[in-house]
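> Sequential numbering of the sequence shown, starting at 1196, is according to our numbering.
Before anything else, here's the structure in question.
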Amino acid sequence: MKHFFSNTYMAKPAAIIFLLIIFHIGLSPKMLQAQDSKKTRFLFLLDCSGSMDNKMNGQQRMAVAQRILNRMVDSLKSIPNVELAFRTYGLHGSRTEEDCKDTKLEVGFYKNNSAAIKEKVAQSKPNGTTPIAYSLTQCANDFPNANAHNFIILITDGLEECKGDPCAV
1196 MKHFFSNTYM AKPAAIIFLL IIFHIGLSPK MLQAQDSKKT RFLFLLDCSG SMDNKMNGQQ
1256 RMAVAQRILN RMVDSLKSIP NVELAFRTYG LHGSRTEEDC KDTKLEVGFY KNNSAAIKEK
1316 VAQSKPNGTT PIAYSLTQCA NDFPNANAHN FIILITDGLE ECKGDPCAV
């Protein structure tokens, strides 16, 4: 199996945790509060493909991703000028190529939505395929406007399965 940063971009099991730790260290609450009055928006994009049912160090990958995502929501929810949203892919379809548009904004950007996000995260189960590029394209439509610091946090364990190019997006 190739590692995440190899030519094939196949995720090493710890890639989820690595990406989330980098996010968490790089954007601490104090740093966010010190920014200008411009809003900062985080859109979490969660992989709900069938491979998230596999184990990582004895734990289901989805369970690990859910736990870390919930911790990030908890650490960001009370910071002024920070807004959160939650999108999934692979949750509503099956593992057929026809489901390469299986992505949905589960919780949009609005005030005090952390409980709604955590509820949707808890309901997310590994199911479908992995349309990363298409999902990232759809994320652009989720942000209310460009007059903010907008971030997409992709939480995944795998490859694009729908012939898209996430790097090009």
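Built from N, CA and C at the ideal position, the CB exists for glycine as well.
From the DSSP secondary-structure annotation, give me the bridge partner or partners of Tyr1329.
Note: Tyr1329 sits in no beta bridge, so no partner.
> Does DSSP classify Phe1218 as helix, strand or coil?
Annotation note: pLDDT 49 at Phe1218 (below 50); position unreliable, coordinate value reported separately. In the structure shown, Phe1218 sits in a helix (DSSP, three-state: H, G or I).
> To which residues does DSSP link Gln1261 through a beta bridge?
Beta-bridge pairing links Gln1261 to no other residue.
> May I ask you to list the residues that DSSP assigns as paired with Val1277?
Thr1235
> Considering only the beta carbon of each residue, do Cys1243 and Pro1321 sit closer than 8 Å?
yes
> Considering only C-alpha positions, which residue in the set Lys1234, Arg1282 and Gly1253 is nearest to Ile1350?
Arg1282
> Where does Gly1285 land, buried or exposed, given buried means 16+ other C-beta within 10 angstroms?
buried
> Quick check: what's the CA-CA separation for Glu1301 versus Ser1232?
27 Å
> When DSSP labels each residue in this structure, what does Val1364 get in the three-state scheme?
coil
> Rounded to whole angstroms, what is the Cα-Cα separation between Asn1265 and Ser1309?
9 Å
> Between Ala1341, Leu1240, Thr1325 and Ser1319, which lies nearest to Gly1359 when the distance is taken from Cα to Cα?
Put simply, of Ala1341, Leu1240, Thr1325 and Ser1319 the residue whose alpha carbon is nearest the alpha carbon of Gly1359 is Thr1325.
> Quick check on DSSP: helix, strand or coil for Glu1355?
If DSSP states are grouped into helix, strand and coil, Glu1355 belongs with coil.
> Mapping the DSSP letters down to three states, classify Lys1313 as helix, strand or coil.
helix
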